[in-house]
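> Have a look at this one.
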Amino acid sequence: MNRLLSSLVWLAVALVGAGALGAIALWRGEPVNGVFFVVGAGCTYLVAYRFYSAFLAARVLSLDATRATPAERLDDGRDFVPTNRWVVLGHHFAAIAGPGPLVGPTLAAQFGYLPGTLWLVAGAVLGGGVQDFVILFFSLRRDGRSLGQIARDEVGRRAGLLAMVSVLAIMVILLAVVALVVVNALKHSPWGAFTLAMTIPIAMLMGLYMRFWRPGRVMEASAIGFVLILLAVVAGQWVALSPDWAPVFTLTGPALAAAVIVYGFAASAVPVWLLLAPRDYLSAFIKVGVVLALAAGIVLVRPTIQMPALTRFVDGSGPVFAGTIFPFCFITIACGAVSGFHALISSGTTPKLLVRESDARLVGYGSMLMESFVGVMAMVAACALEPVVYFAINRPAGIVGATTEEAATTISGWGFPLDPATMHQLARSVGEETLLNRTGGAPSLAVGMAHIFSGTIGGERLLGIWYHFAIMFEALFILTVLDAGTRVGRFMVQELLSRAFPRMAHTGSWTSTLLTSGIIVGAWGYFLYQGVLDPLGGINSLWPLFGIANQILASVALVVATTILLKMGRTRYVWVTLLPMAWLVTVTLTGSWQKVFHENPRIGFLAQARSLEQQIAEGHVPEAKIADTRRVVFNNRLDAAVTGFFALLILALLLEAALQWYRILTGQRTAPLSESPYVRTKWAEGSP
Amino acid sequence: MTARVRSALRTLWRRLREWSGDAAYDVYAARVGGGERVSREVFYLESLRRRYSRPNRCC
Chain A
5 MNRLLSSLVW LAVALVGAGA LGAIALWRGE PVNGVFFVVG AGCTYLVAYR FYSAFLAARV
65 LSLDATRATP AERLDDGRDF VPTNRWVVLG HHFAAIAGPG PLVGPTLAAQ FGYLPGTLWL
125 VAGAVLGGGV QDFVILFFSL RRDGRSLGQI ARDEVGRRAG LLAMVSVLAI MVILLAVVAL
185 VVVNALKHSP WGAFTLAMTI PIAMLMGLYM RFWRPGRVME ASAIGFVLIL LAVVAGQWVA
245 LSPDWAPVFT LTGPALAAAV IVYGFAASAV PVWLLLAPRD YLSAFIKVGV VLALAAGIVL
305 VRPTIQMPAL TRFVDGSGPV FAGTIFPFCF ITIACGAVSG FHALISSGTT PKLLVRESDA
365 RLVGYGSMLM ESFVGVMAMV AACALEPVVY FAINRPAGIV GATTEEAATT ISGWGFPLDP
425 ATMHQLARSV GEETLLNRTG GAPSLAVGMA HIFSGTIGGE RLLGIWYHFA IMFEALFILT
485 VLDAGTRVGR FMVQELLSRA FPRMAHTGSW TSTLLTSGII VGAWGYFLYQ GVLDPLGGIN
545 SLWPLFGIAN QILASVALVV ATTILLKMGR TRYVWVTLLP MAWLVTVTLT GSWQKVFHEN
605 PRIGFLAQAR SLEQQIAEGH VPEAKIADTR RVVFNNRLDA AVTGFFALLI LALLLEAALQ
665 WYRILTGQRT APLSESPYVR TKWAEGSP
Chain B
317 MTARVRSALR TLWRRLREWS GDAAYDVYAA RVGGGERVSR EVFYLESLRR RYSRPNRCC
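Chains as they are written, first to last, in our numbering: chain A, 5 to 692; chain B, 317 to 375.
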């Protein structure tokens, strides 16, 4: 009877989910409500978790709850700490959910709400969740070893090196692109720039509190920091209205980029307790709080989706970024669907905390579904905006023109009539001079979130406060990623250089610290600066590059996972990793090819370089701009080289792995696994 | 009923402290027991050094 009831309940969940997704996919002619997205995605996740992840756990991986985990065997109270699974879920979710699942879906909304939403849901269920789950499990079975170490042990030494180079390369592009998102959100915005600037002394105050006054009291310091941040958001309005202070915080793109580069260098070099750690604590609390508030806001406000299911930009002529749905939608949305970076987290701290192997299902697969849900909410927030407002904010000046009137003419020509007064009014209501040409996704998402939040609390009166709270929220954890990524990148550069210069390995040396910080900050700073100067807004070039890098890392993780499954003798189930891997390799290689060789200058780096050179040769570029244009030409060629390098990386790894697979399948080679030996858990009968 | 709610709130608070890292030293001290252990301050600094020497925040 219970079994029958359970079957009926799950059938009902599946039908409701299918109905909601079917409605948003097929409904035409009248607006869809945002609640359909929440219900459709939520029901799909429930069914996927209940059935697909159970299949992965039982049949494919054979999780063994009687086997002691590294947290139990190696428990030292520091690195390896047996921790409640819900706490680990919270840790893991806070670690994987960064700006990606918010910004990616917002950018992909230019295709309409449908392609991005379907990819978010299907990608997470069949790809991202699988990757995170299996890598977490494989790391659990190997004493919490990292992805690079597992690749070296299970696939080969070259694979380990390729994984490490991929991680460093993705780190550089990731840091550049997230910094660009912050710069584009804060340029010419004294309110936003002031609020974010204030997070630096606030974080330092928290750092001093937790270092000297109350060591390790994270909750107390975070509560103080949160109150101060809210005061900074409110005070930002006074700064923006002050004739004395507003000019101080009204910064151009290049000036903000320079400030972010200096900040990144300082954050990487100063002690971690002073700036990075307190900012991270504060950002984690605010991140989780805002995500929950956004979910509640969507349910309470039930926003109507204004964006059509598909826009005319599915043809590749998109104003936010150029390129057709395939492959660019699947590259633009990485975090939220499949993100290679998650494999680093799944093989980092998380496997050192799990009490039972069976908890890997909840933490690995479950947290990916939660991140995907964040992506769906970001899609709802972006698509709840009038399309004309969305495009006006996200279009670079190089395409629509710098003034509201020029933008109105261009955007109205696409079939989205724009009254210039609408944009003026919206900008005023959120406390900004203008919202035009704020590429990068963060401002349009903030406007969408502000509308949802103000629909719940405060109404139009608080729209400006909510907008700047949302901007602060996005910028705060983007800077956390910047701090933490720069620091880790510094360690990786130190490790690489120490092979030639052993003294560089000494992480306490100031010479080594300053030199390697300079190298990593210089690398991402260069890409950031080129993005700021890019006439097409920078996001058009850098975000796809970041997506390609991230998906290549996911391909690396899935190649490693496929190899291990073959070694485990699970050949009949190898499709669970092989299919998402094949899809990602196809997407990334197609995307790389198009970004390098496409004849449309807005898509192909080389075509754009040629087009600009031709303009110079024909005298269409003013004398004063020739040097800048030549720099853009060089940057396009550099981007083409970087993209080609990424493609070669994945091809080299595939070749290495394919040889390995052939030898295993034909029995030419014994395939020993590098798993730790079985030890029976002492907690088999209950939780610690 | 009140006791149940109070217990649930206590558990929630404990988990929140564990999640945030606030309870990390208490967990460590309980693990070490009466043995030799580092001070709260040293433990805090060590844990930060470990955490931020590997990728711990995603995009």
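Glycine included, each C-beta is placed from N, C-alpha and C at the ideal position.
Listing by chain order, which chain B residues have their CB less than 8 Å from the CB of A/T83?
The amino acid occupying residue 83 of chain A in the given sequence is Asp; Thr does not appear at that position. R366, listed in chain order.
> For B/S363, which residues in chain A fall below 7 Å Cβ to Cβ?
The answer, in chain order, is R82.
> For the region 315–335 of chain A against the region 534–544 of chain A, are there 3 or more C-beta pairs whose distance is under 8 Å?
With the cut-off at 8 Å, the region 315–335 of chain A and the region 534–544 of chain A touch.
> Mind the definition here: the region 304–315 of chain A touches the region 27–44 of chain A only if three or more C-beta pairs lie below 8 Å; say whether that holds.
Judged by Cβ distances under 8 Å, the region 304–315 of chain A makes contact with the region 27–44 of chain A, as three or more pairs qualify.
> List, in chain order, every chain B residue whose beta-carbon is nearer than 8 Å to that of A/G95.
One detail in the question is off: residue 95 of chain A reads as His in this sequence, not Gly. Those within 8 Å of A/H95 in chain B are W335.
> Hey, which unbroken runs of the alpha helix (DSSP H) at 4 residues or more fall wholly within the region 595–630 of chain A?
Those alpha helix (DSSP H) runs which fall completely within the region 595–630 of chain A and span 4+ residues are 609–621.
> Tell me where the alpha helix (DSSP H) around A/E158 begins and ends.
Residues L151 to E158.
> Report all residues from its chain with a CB closer than 6 Å to the CB of B/R333; omit the five preceding and five following residues, and keep chain order.
The answer, listed in chain order, is A339.
> Below 8 Å, how does it come out for the region 518–528 of chain A and the region 478–491 of chain A: are there three or more Cβ pairs, yes or no?
With the cut-off at 8 Å, the region 518–528 of chain A and the region 478–491 of chain A touch.
> If you check the beta carbons only, do A/G81 and B/V348 fall under 8 Å apart?
In contact: A/G81 and B/V348 (Cβ atoms closer than 8 Å).
> What's the C-alpha gap between A/S150 and A/G164?
Going from the Cα of A/S150 to the Cα of A/G164 covers about 10 Å.
> Do the region 334–347 of chain A and the region 580–596 of chain A touch if we need at least three Cβ pairs shorter than 8 Å?
Yes: the two stretches touch, three or more of their Cβ pairs being nearer than 8 Å.
> Name the chain B residues whose beta carbon is nearer than 8 Å to that of A/H472?
Residues of chain B passing the Cβ test: none, with the nearest at roughly 23 Å.
> What three-state label does DSSP hand A/L172 in the structure shown?
Reduced to three states, the DSSP call for A/L172 is helix.
> When the Cα atoms are used, what is the spatial distance from A/L519 to A/R494?
Their backbone Cα atoms lie some 9 Å apart in a straight line.
> Report yes or no: is there a C-beta of chain B within less than 8 Å of the C-beta of A/H346?
Chain B contact via Cβ: present.
> Which residue spans inside the region 213–255 of chain A form an unbroken alpha helix (DSSP H) run of at least 4?
Listed in chain order, the complete alpha helix (DSSP H) runs (minimum 4 residues) inside the region 213–255 of chain A are 222–245 and 250–253.
> Bridge partners of A/L358, per DSSP?
Its beta-bridge partners are A/T87.
> Hey, could you find the ends of the alpha helix (DSSP H) A/G459 is sitting in?
Taken as a continuous stretch (DSSP letters only), the alpha helix (DSSP H) holding A/G459 covers A446 to T460.
> Compare the C-beta of B/V343 with all C-beta atoms of chain A and state if any pair is closer than 8 Å.
B/V343 counts as touching chain A.
> Measuring CB to CB, does A/K571 end up less than 8 Å from A/E158?
Taking 8 Å as the Cβ cut-off, A/K571 and A/E158 qualify as a contacting pair.
> In the DSSP assignment, the alpha helix (DSSP H) including A/N6 goes from what residue to what residue?
Looking at the DSSP string, the run of the alpha helix (DSSP H) that includes A/N6 is N6 to L30.
> Does any CB atom of chain B fall closer than 8 Å to the CB of A/M214?
A/M214 counts as touching chain B.
> Return helix, strand or coil for A/R54, following the three-state DSSP convention.
DSSP places A/R54 in helix when its eight states are reduced to three.
> Could you tell me whether the region 380–398 of chain A touches the region 356–365 of chain A, where touching means 3 or more Cβ pairs closer than 8 Å?
Contact fails: fewer than three Cβ-Cβ distances are below 8 Å.
> What is the DSSP secondary structure of A/N544, reduced to helix, strand or coil?
Of the three classes helix, strand and coil, the one that applies to A/N544 here is helix, per DSSP.
> What residue from A/M175, A/M496, A/S321 and A/G463 has the CA that sits closest to A/V485's CA?
Closest by alpha carbon: A/M175.
> For the region 137–149 of chain A and the region 66–80 of chain A, state whether three or more C-beta atom pairs, one from each stretch, are separated by less than 8 Å.
Short answer: they touch.
> Going by DSSP in three states, A/R684 sits in which element: helix, strand or coil?
Looking at A/R684 - three-state DSSP - the assignment turns out to be strand.
> Name the residue from A/M214, A/V187, A/V125 and A/G452 whose alpha carbon lies nearest to the alpha carbon of A/E375.
For A/E375, the nearest C-alpha among the options comes from A/V125.
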